[in-house]
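Enquirer: Protein chains in written order, with this note's numbering: chain S, 1 to 402; chain G, 403 to 1392; chain V, 1393 to 1848; chain L, 1849 to 2018.
Handing you this structure, nothing more for now.
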């Protein structure tokens, strides 16, 4: 949807028509305002503006529509530099006030900007009539909020547990137990210091169990890198970007929707914001400077891949994100809560299979599945209640290996 | 192919936000990174994890650190809009190498062209390709490419080179010297205009030199039509085709287009009940000859008298005087009657580069009313416009010191000119020698300046292959090396600052734009770049006169030739052709469609002559002083005709080509202004040694088994099941204790129309390109370890001396009761719910049991690490240098690169199936019939391969499977193959 | 006790129990003979050759073998089946002859069983080394893994894994359980402290009490009962590798009995080859007598004839079935490019054993030795004929090829021969070659004449 | 508690059997008999019960077969359903070889283990060796000794029964 609108911008004639239409529709537009889409679009603003609260890079937005008229705002939001250069007094003053940092141009339609403004007017909330359609979590109900908080806490605990698990040192345990095991055996047969053999037997038994467990855990982790959390060349925090600034995953990892790989954003994507944002909350300028350095020198940043699939596995992001309608977190975990990204799942074949076996496909919704005539019949008859990926061959080798 | 994916770089450049400036670095940067990435071995873009898993993880992880290697992910600094990582884009382009012409679509993945497909929009080739076109993408990544300009062998900058050349050119101009641009056939109208401009500025001439020339035909047409040209042939309109030594399906003029036309006229599907009748007369055994309904052996020396006799007989039938009666070794009366009965729908062609034969054939075609029906004189084929006589003249002039500068474009006379020494001595007398080659070659090595040309996938170009049929070529990648298009060089030397793209655009705006109906030139241009094709519909002006006198005069003088002398035919094969692509390992390993030999040239000899001389396969002989070459007994060869392939014996090329076979260009003669490809009365000396020729098939008889089922057209019309009667019997016996597996949704199937398959091998190369099939080299082929996933079985039937030839492409049959699946102990090969026989390479431990138990023997084992997928150095076997970083850029990232010790086989191009399914899913629609096309079917110029969903009762494949001609290979084993074959029908009826 | 009146005594010489112990333990004591060293040198040289071939195979890949796209199994699987076949004699002698109460087995069963174990170790080597990716060979075991992927229980190769490993383990415990009392004897006869300690450790604390003996006999009997069908099942399952496939010449229901009798045939031949040398070298002529040899030769006639009939039946079935592929496969065997292998097989396996109908040949040691070697060769060629000639020309003539082994493949075969003889030579030095207790138990009933116990 | 015993040996198994018979008649308690090889009729003479090892073997085999079969069935029909060459998933004939091998393996191992455990046999086990030649050519008889008189009587009885090397150990 959004994409097509943006693409139309290249065509001046269509632009004019669209603009005219937008003006005509202005009175009705407010009805459409405060949609979830606006919330999504507002993520771009959020990087620099708060609605209320502490000032960020740009001014707070509360009451913006009262301060300025809509036409001016549309012009300014779309290309602030132009407005400033045109000598608009208000704009020049604003520019000076905010340390001569211009607001970057935005590729938004009039419709979308009006939508965002309405959203701001509503105090950064989506209009009531849309709330029902939205995620339950966003509900105002206190009970739900509490529940969600509890959930989040639980997740935090789980994450901490994962981290602890990741840090468990099996190697040392293994060596210590192995030494005890050997010493016991030696004593049992040769030195015979301890006369009661049941001591030996108990120790040997326990040692065997521990060794077995360690071997099992290590062997199943072989070739996996669960809990892998490498240090990246730039201290980039998903917590700050995704949670605090509320940037959508797909903003940076844009190809996840239509390509095999989700893609690591190229430096110019970083520069979209960091052209202006030159200081971070935690690291100050040190980390952000690295991006600028990369940008200026022309050497791309060498990030370290966290989620690696072996080359004999074909995984397609668009299949899962676009037609599978999966949430990123389902495989990547709560990345938005991580300062340093960690691989949460083990990404093993068994893990893939389990998901394929339990996850339903968009069987009724997606026209594609009409080809499965027999299954459709059974689905209609109610013989089959839910259709999982596995039932349509999601467990076949060739789905991932070719 | 969805046209909507065809996108031009240019078009998109307009779309990008940074319109004003050229993108910094752009694709070059991309390639640079790619190379950087390649150096880091275990990066994400290569799918060769097998190597890691094959050894390092299993052992090293246990042994030491239990740590995975750190993998870096390097994003682009600026992501070009048109490249989404992990997603392929397609660009229309045009393949032309001086011999073959083919409009193509280039698949580009992560900035690298990785596959060539035929362009379905072309009205000429209609999506067909041939082996060389398919293989051309590997040429882009040839290790032996010239990487930068050089002066006398030393690397130089373009500026230095340009300055030096321009100085010298100007000096020659000052003194009024002669500059010669020697090139192969040029079909680019803009380039031709540019050359004209060049010679308007500088004194001299442009000489076209073709290794395979049609100069005799041009001469003949000059006499009959008053114009030297090559007409357009319409094999699809011909109901009777009589061909004298014309390999029109393999190498004559425009084989892809002819194969398309020819096969269209021989299909018996979709209710068609007619097929053409093809009579072929030749001495050597060619691809086309082996496809004929009737093949008549004719000693090359007797060809002319046979044509003369045919002309006479036809004249008699038509009631007009047509020379004198001539006796001929062939029953021409029968042929004449057959031809005459289809007057207006008949076609006679002769491939010999002999003006007299061509003249007489012109007269024959005139009697038959072919002109305007099966031969279009208003449309000229612009291929093969080399002038043999001019080339001879040039060499004389060079030796006489009359040539001051020689610019070499797309020619390699130091290798392929018959009188090589004469050329070389002449070359020494030329003051300024500028070579503009793509690959390392013999001639360029002697040049003063090397101005390396782009590979065609890196360059802008246009083409007019036939009058009014235009196509465009656009770069699919920024130049990998510091090369420059020849046209840009010429522009530069002319002192023009425009680049060649602008030049082409200007040419098109000036000359072609008016023929279109579009309003704006930019939209016209963008559309044409997008499509790659423009048919203007313009015609050549012909006055319609036909002068038969010259032909009749020739007919009177024809002398009878002797069939007793041993003659040697020099022919281009479908793989390396004239040797231009000899450095392409895919082509070197491509088995010849007739002899099934690869990696060498050899003397083909008839069984009878070999028997008389006591020669066996692989015995070495010396024929006409070529040097030591092995013989290969070729059933079907005329008794005293020998044949040898050109294009081998390269001296200065890359690793795969150098030293393979012998250079036989020295055998080409020159007579009556035309190059002669047949040498008469040659001496054959047995040398007593042996030299093994690698062949992919060593047994040539079907042993009476119903493998390729055949019938005749008459029988077929009477009973469509004819030839396939045994199938009913077999079906009756198919009993099973087990319930049949049900395939809901998709059940993929493939059908091969044996009547359409000509055995051209395009599918084999396409498959190799699509599926990263390794090249194993001659030594391994000798050990019968070639890896091709699709092979074309060729059997001889009947008399050894003049056998019938049948062919059958065989891939994995994807049996529903697959014997291979049952026996794999580790479940590495299993059946999918879409009826595919799946192979999980990484699970395979290499017991080869599946291979043994496959009745079709389509499974291939990686005896060594042929692809560089293994970390274990000792495993590597790479005789053709296919594992260099550059070569590996051609690998398809969607297909696993197999390591040593695993079995592989045809997957029905599962990556394409999955891709199209996903596309349909993302677009919320059902998959359409014909949307999924495996590489082999895509490449096939004769549309012999049909692929689709058997569950869809309306699909083309379901109709093919329901055809009476359909049968399955070894169906009696109850393997339930998903590949069907339609019986071969021969039109033996008169 | 019942003594067969016509039967010649099984143990020659006038022996008492003590003498038996001394005779049988003699080869284990003292320094090994010159011949032993010579044998050891030869066989370890062969072993080194095999080690080189193994290295080549692993480092350079299966490409160092002569295999190709059509013939996926060559010498490797030929050797595997050959060794498995040889590995049938020991357990067959011990188990089936025990069940049939054949007393003559007592002198030969120990060494035959040891030979079985070594032969199976040699056999097991081939399926491992012939894998393209040996280091991932563990995929073949159904162990729990994060892929949640198991194995294919339809595959005869997987059955092989189970059959061969079970056979090896059961044969091992059968052999060892039988060894325990004898090891007790060795322990008690040991002169040095170290020997005593080692054999004390190995003898598991055997005392020879009446209850131990009683239960030991029960265990032996039941193990024999288990091993008897097992020994039949192993080669049956090995034959399934071929019989369940679709390749003409392989897809034959006659294979299980034919393979089993072939296995016993070749196993007995190998036992004969070894024992004829061993009895001489170890001075055990009085324990392994011509009688034993003759009995074994009779088994060879029987199994050899079964094998011969099987060969003919195959031909008949090929003709009778009317399947053209099958018919061609058999004609190709007899008259195709590998006909020489077929006729070697026919001569060695069908013709030579028939010579044993003559008593003179049957009881001649030299003749038996020569014929036993012929049988070994013939049986090797039988497997070669089955594996290679069936594969090299199967259904589609376009894929027909020839196969010839490379030096590496020869090296692997020679290497396993080296391994076999090395281990056997070690065996005769460290373990009693003849089951002492069992011989003693038949000494009275089948001995030459039992001298009354003399008092020391 | 009287732990003393008397050992005596024979050189011939028939003499041994005869001796045992005689001694038993005299009511002497036979503690154990050590022989170099299994002597037929001895277990009866001593009065041993029938072995229960057969039952161990049977149940071991049954459990092995069940594990083998059920595991295969589970893998093919529950754990990961895969189509192999069009065969049914519950492919009973295919399961037979493995089931059989598992039965044999379990049976043999369980029985031998039971045997070893029962007699406390195993690598490194240290037995009491009464006479080193009892594994060679002596048939050793161990009878329970009583008080001095009784011992003498028993020794006499043994001697009468043809035994040699009679020794008394307290």
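We put the beta carbon where it would ideally sit given N, CA and C, even for glycine.
Bear in mind the structure is a predicted one, so any value in this text is a computation, not a measurement.
When burial is assigned at 16 or more other CB atoms within 10 Å of the CB, is residue 1767 of chain V buried or exposed?
Expert: Start at 1 with the first residue of the third chain, and residue 1767 of chain V comes out as number 375. So residue 1767 of chain V ends up on the buried side.
Enquirer: Just the C-alpha distance for residue 1258 of chain G and residue 271 of chain S, rounded to the nearest angstrom, thanks.
Expert: For this step, residue 1258 of chain G is matched to residue 856 along the second chain. For this step, residue 271 of chain S is matched to residue 271 along the first chain. Using only the alpha carbons, I get a separation of about 58 Å.
Enquirer: To which residues does DSSP link residue 1024 of chain G through a beta bridge?
Expert: Taking the second chain and counting its residues from 1, one reaches residue 1024 of chain G at position 622. Answer by DSSP bridge pairing, in chain order: G/1030 and G/1087.
Enquirer: Please decide whether residue 2011 of chain L counts as near chain V, where near means a Cβ-Cβ distance under 8 Å.
Expert: Working through the fourth chain from its first residue, we reach residue 2011 of chain L at position 163. By this cut-off, residue 2011 of chain L is not an interface position.
Enquirer: State buried or exposed for residue 1543 of chain V, treating a residue as buried only when at least 16 other CB atoms are found within 10 Å of its CB.
Expert: Numbered from its first residue, the third chain carries residue 1543 of chain V at position 151. By the 10 Å Cβ count, residue 1543 of chain V comes out buried.
Enquirer: Is the closest heavy atom of the ligand PLP to the C-beta of residue 1387 of chain G under 7 Å?
Expert: By its list of ligands, the structure shown contains no ligand whatsoever, and the ligand PLP lies outside what it can speak to.
Enquirer: Give the secondary structure of residue 601 of chain G by DSSP, where H, G and I count as helix, E and B as strand, and everything else as coil.
Expert: On the second chain, position 199 is the one that residue 601 of chain G refers to. DSSP places residue 601 of chain G in helix when its eight states are reduced to three.
Enquirer: For residue 951 of chain G, which of G/711, G/1240, G/1011 and G/724 has the nearest alpha-carbon?
Expert: Your numbering for residue 951 of chain G matches position 549 in the second chain. Nearest of G/711, G/1240, G/1011 and G/724 to residue 951 of chain G, Cα basis: G/724.
Enquirer: Mind pulling the beta strand (DSSP E) runs of 3 or more residues that sit fully within the region 828 to 880 of chain G?
Expert: Counting whole runs of 3 or more residues, the region 828 to 880 of chain G contains the beta strand (DSSP E) stretches 834 to 838, 863 to 868 and 871 to 875.
Enquirer: Would you say the region 1773 to 1787 of chain V touches the region 1634 to 1649 of chain V, given that touching needs at least three Cβ pairs under 8 Å?
Expert: Touching, yes, given that three or more Cβ pairs across the two stretches are closer than 8 Å.
Enquirer: Between residue 796 of chain G and residue 582 of chain G, is the Cβ-Cβ spacing less than 8 Å?
Expert: Walking along the second chain from the start, residue 796 of chain G turns up at place 394. Walking along the second chain from the start, residue 582 of chain G turns up at place 180. Yes, the Cβ-Cβ distance between residue 796 of chain G and residue 582 of chain G is below 8 Å.
Enquirer: If the cut is a Cβ gap below 9 Å, which residues of chain S does residue 1928 of chain L touch?
Expert: Mapped onto the fourth chain, residue 1928 of chain L falls at position 80. By Cβ distance, chain S contributes 353 and 395.
Enquirer: When DSSP labels each residue in this structure, what does residue 1351 of chain G get in the three-state scheme?
Expert: Numbered from its first residue, the second chain carries residue 1351 of chain G at position 949. Strand at residue 1351 of chain G.
Enquirer: Label residue 1618 of chain V either buried or exposed according to how many other C-beta atoms from any shown protein chain fall within 10 Å of its C-beta, with 16 as the threshold for buried.
Expert: Translated into the one-based positions of the third chain, residue 1618 of chain V becomes position 226. Buried, because 16 or more other Cβ atoms sit within 10 Å of the Cβ of residue 1618 of chain V.
Enquirer: Tell me which residue opens and which closes the beta strand (DSSP E) that residue 495 of chain G is part of.
Expert: Position 93 of the second chain, counted from the first residue, corresponds to residue 495 of chain G. From DSSP, the beta strand (DSSP E) with residue 495 of chain G extends over 490 to 498.
Enquirer: Excluding the 5 residues flanking residue 1429 of chain G on each side, which residues of the same chain have their C-beta closer than 6 Å to its C-beta?
Expert: In the structure as shown, chain G starts at 403 and stops at 1392, and residue 1429 of chain G therefore has no counterpart that could be examined.
Enquirer: Could you tell me how far apart the beta carbons of residue 1540 of chain V and residue 349 of chain S are, in whole angstroms, since I believe they sit closer than 8 Å?
Expert: Taking the first residue of the third chain as 1, we reach residue 1540 of chain V at position 148. Taking the first residue of the first chain as 1, we reach residue 349 of chain S at position 349. That belief holds up - the Cβ atoms of residue 1540 of chain V and residue 349 of chain S are roughly 7 Å apart, short of 8 Å.
Enquirer: At the level of alpha carbons, what is the spacing between residue 281 of chain S and residue 541 of chain G?
Expert: Numbered from 1 along the first chain, position 281 holds the residue referred to as residue 281 of chain S. Numbered from 1 along the second chain, position 139 holds the residue referred to as residue 541 of chain G. Near 53 Å, if we compare the C-alpha coordinates of residue 541 of chain G and residue 281 of chain S.
Enquirer: Residue 1987 of chain L bridges to which residues according to DSSP?
Expert: Your numbering for residue 1987 of chain L matches position 139 in the fourth chain. In the DSSP output, where bridge partners are listed per residue, residue 1987 of chain L has L/1858.
Enquirer: When the Cα atoms are used, what is the spatial distance from residue 105 of chain S to residue 295 of chain S?
Expert: Taking the first chain and counting its residues from 1, one reaches residue 105 of chain S at position 105. Taking the first chain and counting its residues from 1, one reaches residue 295 of chain S at position 295. Taking the straight line from one Cα to the other gives about 19 Å.
Enquirer: Assuming residue 1113 of chain G and residue 1124 of chain G are in contact, meaning their beta carbons sit under 8 Å apart, how far apart are those beta carbons, in whole angstroms?
Expert: Taking the second chain and counting its residues from 1, one reaches residue 1113 of chain G at position 711. Taking the second chain and counting its residues from 1, one reaches residue 1124 of chain G at position 722. Rounded, the Cβ-Cβ distance is 4 Å, consistent with contact.
Enquirer: Does the distance from the C-beta atom of residue 431 of chain S to that of residue 360 of chain S stay below 8 Å?
Expert: Beyond the ends of chain S as shown, which are 1 and 402, falls residue 431 of chain S; an answer cannot be given.
Enquirer: Could one say the Cβ of residue 2008 of chain L lies closer than 8 Å to chain V's Cβ atoms, at least one of them?
Expert: Start at 1 with the first residue of the fourth chain, and residue 2008 of chain L comes out as number 160. It does not; no Cβ of chain V falls within 8 Å.
Enquirer: According to DSSP, simplified to helix, strand and coil, what is residue 1501 of chain V?
Expert: Start at 1 with the first residue of the third chain, and residue 1501 of chain V comes out as number 109. It is helical.
Enquirer: Starting from the N-terminal side, write out each stretch of the alpha helix (DSSP H) that is 4 residues or longer and does not extend beyond the region 1773 to 1845 of chain V.
Expert: For the region 1773 to 1845 of chain V, whole alpha helix (DSSP H) runs of length 4 or above, ordered along the chain, are 1799 to 1822 and 1828 to 1838.
Enquirer: Rounded C-beta distance between residue 1297 of chain G and residue 1315 of chain G? I'm assuming under 8 Å.
Expert: Along the second chain, read from residue 1 onward, the residue named residue 1297 of chain G stands at position 895. Along the second chain, read from residue 1 onward, the residue named residue 1315 of chain G stands at position 913. Contact doesn't hold; Cβ gap of about 12 Å is too wide.
Enquirer: Can a CB atom of chain S be found closer than 8 Å to the CB of residue 1382 of chain G?
Expert: Translated into positions along the second chain, residue 1382 of chain G becomes position 980. No - not a single Cβ of chain S is within 8 Å of the one on residue 1382 of chain G.
Enquirer: Over the uninterrupted beta strand (DSSP E) stretch that includes residue 653 of chain G, give me the two end residues.
Expert: The residue you call residue 653 of chain G lines up with position 251 of the second chain. It is not in any beta strand (DSSP E) - residue 653 of chain G carries neither H nor E in the DSSP assignment.
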